[in-house]
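Data first, discussion second: the structure below is written as structure tokens.
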Amino acid sequence: MQETRRTVDFRDLRTHRQMWQTIARDIKEDIINGVYQPEERLMEADLALRYSVSKTPVREALRYLESVGFVEIIPHTMTIVKGMDEKDVRNFSFVQGALEGLAARLSIQNLTRSDFDRMQGYVTLLEKYAEESVARHAAQYEKVHFKFHASIWDLSGNDRLIELAKNNHEHLERFRSVFRRFPGRFRSIAYDHRRILEAIHEKDGEKAEKLARRHIDRYAEIIAEALQKETGL
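The opening position of the sequence shown corresponds to residue 0 in numbering that gives the first Met the number 0, with each subsequent residue numbered one higher.
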């Protein structure tokens with residue numbers, strides 16, 4: 000694929016870690032946006048030239064992307080972009096649903112008024128974007144959507160749960176490409192967030208857990224259905 004060489008200004012980056020993380024985020028977004036297609040080969044030398052860096056931070060960025068399911072590294076051979084698999088979205092969503100549900104149940108004991116007000120702000124924005132046009136506000140919707148769910152993880156107060164939820168969420172991020180291609184299909188689930196927050200605020204742990212799990216299940220079903228139609232299975 001022909002593409003314009005892009006450079007990243009690393010003058011303000013203080014550590015090697017920040018360098019490869021920036022490259023990884025950029026490549027991840029390119030994969031989600033379809034700049035790189037499934038099965039496409041990623042060349043370390045080309046990427047190093049593109050970012051005006053040595054191969055070392057590129058190699059570390061690719062190793063990270065492999066750990067979260069975006070690429071596959073075939074030792075001593077090549078790195079390729081992984082395709083999206085319906086089984087993967089169902090498996091990772093099943094785990095995420097369990098984690099989100101547990102986090103919602105646990106969060107009721109730690110929710111403060113300021114937390115509630117902040118999360119209400121997220122809910123209002125998600126509904127606003129859904130009403131106006133999810134397609135037009137896709138990037139903003141994704142950011143606020145993450146903040147809402149991350150707030151629930153943090154309110155669980157369980158460090159291990161937070162770590163697992165974040166890691167599993169990173170695996171699910173590659174399916175954002177489906178959201179960006181078919182944003183209208185996700186419009187209805189934007190309103191799930193208000194019900195989840197209300198259940199947490201009402202201190203109804205059972206209801207909060209059930210709603211959070213159902214929300215993730217609905218998200219997975221929409222993606223799985225879209226993938227089925229694309230592959231013709």
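All C-beta atoms in this analysis are idealised placements derived from N, C-alpha and C, irrespective of residue type, glycine included.
Values in this document were obtained by computation on a predicted structure and should not be read as measured data.
To which residues of the same chain is proline 37 closer than 6 Å at the C-beta, ignoring the five residues directly before and after it?
Result list for proline 37: Val80 and Gly82, in chain order.
Out of Ala225, Glu205 and Glu208, which has the shortest C-alpha to C-alpha gap to arginine 180?
Ala225
Using a Cβ distance threshold of 8 Å, determine whether the segment 155 to 173 contacts the segment 128 to 139, with at least three qualifying pairs required.
Output reads no: the segment 128 to 139 does not touch the segment 155 to 173.
Say whether the segment 188 to 204 touches the segment 107 to 118, bearing in mind that this needs 3 or more beta-carbon pairs closer than 8 Å, one atom from each stretch.
yes
To the nearest angstrom, how far is it from the Cα of glycine 100 to the Cα of histidine 136?
27 Å
Does the Cβ of alanine 225 lie closer than 6 Å to at least one heavy atom of the ligand FMN?
The ligand FMN is absent from the structure shown, which contains no ligands of any kind.
Consult DSSP for lysine 228 and reduce its assignment to one of helix, strand or coil.
helix
Determine the extent of the beta strand (DSSP E) in which glutamate 71 is found, giving its start and end residues.
70 to 73
How many whole angstroms separate the CB atoms of serine 150 and aspartate 114, which I take to be in contact at a CB cut-off of 8 Å?
7 Å
With H, G and I counted as helix, E and B as strand and the rest as coil, what does DSSP make of threonine 21?
When secondary structure is reduced to three states using DSSP, threonine 21 falls in the helix class.
Return the Cβ separation of arginine 212 and alanine 97 in integer angstroms, given the expectation that the two are a contact with Cβ distance under 8 Å.
7 Å
Could you pull the start and end residues of the beta strand (DSSP E) that isoleucine 79 belongs to?
77 to 80
Give me, in chain order, the residues of the same chain whose beta-carbon lies closer than 8 Å to that of arginine 22; leave out the 5 immediate sequence neighbours on both sides.
Here the sequence assigns isoleucine to residue 22, which means arginine is not the residue at that position. Excluding residues within five positions, the ones whose Cβ falls inside 8 Å are Val7, Leu46, Tyr50, Val52, Pro56, Val57 and Ala60.
Please say whether proline 182 and valine 133 have beta carbons closer to each other than 7 Å?
Yes.
Where does leucine 48 fall in DSSP's three states?
helix
Does DSSP classify arginine 41 as helix, strand or coil?
A quick correction: the sequence has leucine, not arginine, at residue 41. Strand at leucine 41.
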